Amino acid sequence: KAASYRTLSGEKPIIIAHRGASGLYPEHTILAYETAIAQGADFIEPDLVMTKDGVLITRHDPYLSDTTNVADHPEFADRKKKRVTPMGEMEDWWVDEFTLAEIKTLKARQQFATRSMELNDQLDIVTFDEVMDVALKAASEGRKVGLHIEAKWPGYYSSVGLDMVDPIIEGMKAKGLAEAGIPVFIQSFEPQFLAAFAAKSDLPTVQNMVGPPYNKLLGLEYDIETMPTTGVGAEKSFILNEDGTTTDFVDRAHARGLLVHVYTVRDDQPLKGYDTAQAELSALIAAGADGIWVDYPDTAVAVRDGN
Ligand code: G3P
Ligand code: CA
15 KAASYRTLSG EKPIIIAHRG ASGLYPEHTI LAYETAIAQG ADFIEPDLVM TKDGVLITRH
75 DPYLSDTTNV ADHPEFADRK KKRVTPMGEM EDWWVDEFTL AEIKTLKARQ QFATRSMELN
135 DQLDIVTFDE VMDVALKAAS EGRKVGLHIE AKWPGYYSSV GLDMVDPIIE GMKAKGLAEA
195 GIPVFIQSFE PQFLAAFAAK SDLPTVQNMV GPPYNKLLGL EYDIETMPTT GVGAEKSFIL
255 NEDGTTTDFV DRAHARGLLV HVYTVRDDQP LKGYDTAQAE LSALIAAGAD GIWVDYPDTA
315 VAVRDGN
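When you read off a place in the sequence shown, starting at 1, and then add 14, the result is the number in mature numbering (1 follows the signal peptide of the UniProt record, and there is no 0).
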């Protein structure tokens with residue numbers, strides 16, 4: 015018999031490959047994205063930051079040391095700089111102080127000790143254009159996969175003269191994503207960015223939410239009762255309690271017509287109170303999640319589809 019789901023649409027929840035199949039391969043690489051598609055992910059997720067020359071590239075962080083080999087490039091040794099961030103002072107190599115040509119001399123690295131380092135320093139850093147090409151190629155081969163695009167630190171980039179709204183919109187237009195029928199969500203932790211984006215585009219928006227202490231550090235407040243977006247991107251602790259029970263978060267969001275996408279399920283880092291990623295996935299699906307960001311798409315697709 016067909017499975018029934020408590021999603022807003024009643025359809026099965028989407029599996030969003032978080033930074034690609036990032037549990038298996040260095041995040042935000044073509045290999046990570048293509049593996050996610052091969053494993054059945056419905057969406058792949060590029061996080062976007064900007065280079066000095068205004069090019070969108072796919073990195074989770076606005077700095078380079080954790081996920082690239084920048085520290086091994088002597089020519090960039092004097093480019094390490096201190097900056098005050100919402101999380102405190104940090105010394106690192108900052109993406110917006112590098113041109114795209116310089117970024118393209120770096121290679122990607124896996125950052126988590128629990129994961130394979132085998133492909134470190136071999137794979138290129140991927141631009142927004144290039145990840146769109148991955149989705150377009152899959153579509154041309156009959157495999158429609160969406161892009162769940164996150165703008166990282168848009169307020170900061172705007173403050174140094176690097177707007178993210180127009181480059182994302184124009185980039186998608188130039189690639190013909192809409193004509194190719196590629197589904198897209200635009201997500202951010204910053205409500206001002208999503209409002210600016212929505213003023214220029216009809217694409218569905220997802221307001222990411224982070225809990226304490228980061229919400230306070232970032233000066234961000236969220237209220238799902240008044241959220242003007244298509245959906246909310248909720249950290250999983252908004253929905254799953256450590257004693258195995260669930261909150262009423264999804265029901266409250268659904269009552270307002272908001273989609274609920276939940277981050278992040280990781281096979282190697284289960285939430286306290288859950289023995290396995292499968293248990294977390296089952297609980298989130300039972301709670302009615304409309305989408306789940308995962309580092310291991312094969313695990314999530316198998317749980318969702320009952321295989
Ligand atoms: O964007 C939703 C989820 O990806 C947020 O987590 O990994 O971007 O910090 P992250
Ligand atoms: Ca993200």
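Note that the Cβ used here is the ideal one computed from N, Cα and C, for glycine as well.
A quick note: this is a predicted structure, and the numbers were derived from the prediction, not measured.
Does the separation of the CB atoms of residue i and residue j fall below 8 Å?
{"i": "Ala-122", "j": "Thr-65", "result": "no"}
{"i": "Val-264", "j": "Ala-301", "result": "yes"}
{"i": "Leu-295", "j": "Ala-269", "result": "no"}
{"i": "Ile-29", "j": "Pro-311", "result": "yes"}
{"i": "Pro-27", "j": "Ile-196", "result": "no"}
{"i": "Leu-161", "j": "Tyr-39", "result": "no"}
{"i": "Val-198", "j": "Leu-208", "result": "no"}
{"i": "Leu-78", "j": "Val-109", "result": "yes"}
{"i": "His-42", "j": "Gly-54", "result": "no"}
{"i": "Val-279", "j": "Ile-253", "result": "no"}
What did DSSP end up calling residue i once you bin it into helix, strand or coil?
{"i": "Ala-55", "result": "coil"}
{"i": "Val-317", "result": "helix"}
{"i": "Glu-48", "result": "helix"}
{"i": "Pro-311", "result": "helix"}
{"i": "Arg-97", "result": "strand"}
{"i": "Met-131", "result": "coil"}
{"i": "Asp-143", "result": "helix"}
{"i": "Val-159", "result": "coil"}
{"i": "Glu-116", "result": "helix"}
{"i": "Lys-26", "result": "coil"}
{"i": "Gly-195", "result": "coil"}
{"i": "Val-246", "result": "strand"}
{"i": "Ala-31", "result": "strand"}
{"i": "Glu-111", "result": "helix"}
{"i": "Ser-251", "result": "helix"}
Identify the continuous alpha helix (DSSP H) that holds residue i and give its terminal residues.
{"i": "Tyr-228", "result": "228-231"}
Are there any heavy atoms of ligand 2 lying less than 7 Å away from the beta-carbon of residue i, as far as the coordinates show?
{"i": "Glu-204", "result": "no"}
{"i": "Glu-164", "result": "yes"}
{"i": "Glu-59", "result": "yes"}
Which residue marks the beginning of the beta strand (DSSP E) containing residue i, and which one marks its end?
{"i": "Asp-106", "result": "102-106"}
{"i": "Gln-221", "result": "219-223"}
{"i": "Tyr-171", "result": "No beta strand (DSSP E) holds Tyr-171; the alpha helix (DSSP H) holding it covers 168-173."}
{"i": "Met-186", "result": "Element bounds for Met-186: not the beta strand (DSSP E) but the alpha helix (DSSP H), 179-189."}
Can you find a heavy atom of ligand 1 that lies under 7 Å from the Cβ of residue i?
{"i": "Gly-34", "result": "no"}
{"i": "Gln-201", "result": "yes"}
{"i": "Asn-229", "result": "no"}
{"i": "Thr-261", "result": "no"}
{"i": "Tyr-310", "result": "no"}
{"i": "Gly-24", "result": "no"}
{"i": "His-74", "result": "yes"}
{"i": "Thr-278", "result": "yes"}
{"i": "residue 409", "result": "A question about residue 409 goes unanswered here, because the residues of the chain that appear run from 15 up to 321."}
{"i": "Gly-169", "result": "no"}
Can you find a heavy atom of ligand 3 that lies under 7 Å from the Cβ of residue i?
{"i": "Asn-321", "result": "You won't find ligand 3 in this model; what it holds is ligand 1 and ligand 2."}
task = For the stretch 243-259 and the stretch 273-287, state whether three or more C-beta atom pairs, one from each stretch, are separated by less than 8 Å.
result = Contact between the stretch 243-259 and the stretch 273-287 is established, with three or more Cβ pairs separated by less than 8 Å.
message = Could you check whether the stretch 172-188 touches the stretch 132-147, counting it as contact only if at least three pairs of C-beta atoms, one from each stretch, sit closer than 8 Å?
response = yes
message = Counting beta carbon pairs with one atom in the stretch 82-90 and one in the stretch 46-54, are three or more of them shorter than 8 Å?
response = no
task = Decide if the stretch 213-225 is in contact with the stretch 240-254; the criterion is three or more beta carbon pairs, one per stretch, under 8 Å apart.
result = yes
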